[in-house]
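Only one structure is covered here, and it is reproduced in the block below.
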Ligand code: TYD
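Residue numbers (this note's numbering): 18 to 155.
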């Protein structure tokens, strides 16, 4: 299976009325995993590239709840795709074993990350050549 087919944009339910907007993201319902961890990234400017890793176990959903950013994903087999995160009710689902770079952060960007696991530094692959090697061995 081509892992690039599994990274995908998600659109979440939006309840808007005269008081404002409310977006709903329920684990295992609106996204394909139970949420074990959230973290968020802000204060990164347009020159910064974050991520630059793959995860052996974790799956993520990334949502720009404010501002905008981009994410480039690579499957280690020569396929890549870029997702624009620019609306608070859309996100991108990232399966395990996919290389990701987050970049082009707007000044007001707040990038919310939902994860399927608790943090474990040992499941991170931070060297791209090593990532490609592991993908090819699979
Ligand atoms: P890092 O993985 O470099 O962030 P990014 O995904 O944006 O590239 O993480 C930055 C630091 O925060 C690093 O020291 C690891 C730590 N960290 C945690 O302790 N827990 C977490 O859940 C995450 C995502 C990072």
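Backbone N, C-alpha and C define an ideal beta-carbon position, used for all residues, glycine too.
Let's test the definition: count the other Cβ atoms within 10 Å of the Cβ of residue i and tell me whether it reaches 16, buried, or not, exposed.
i: residue 93; result: buried
i: residue 136; result: exposed
i: residue 117; result: buried
Residue i to residue j, Cα distance in whole Å?
i: residue 78; j: residue 113; result: 11 Å
i: residue 34; j: residue 40; result: 12 Å
i: residue 46; j: residue 30; result: 11 Å
i: residue 154; j: residue 147; result: 11 Å
i: residue 27; j: residue 98; result: 15 Å
Would you say the beta carbon of residue i is closer than 7 Å to some non-hydrogen atom of the ligand TYD?
i: residue 60; result: no
i: residue 136; result: yes
i: residue 50; result: no
i: residue 95; result: no
i: residue 56; result: yes
Which one of the options has the shortest CA to CA distance from residue i?
i: residue 121; options: 147, 90, 102 and 45; result: 102
i: residue 119; options: 55, 71, 134 and 36; result: 71
i: residue 82; options: 108, 136 and 32; result: 108
i: residue 124; options: 43, 52 and 86; result: 86
Find out if the Cβ-Cβ distance for the pair residue i, residue j is shorter than 8 Å.
i: residue 129; j: residue 80; result: yes
i: residue 111; j: residue 52; result: no
i: residue 74; j: residue 67; result: no
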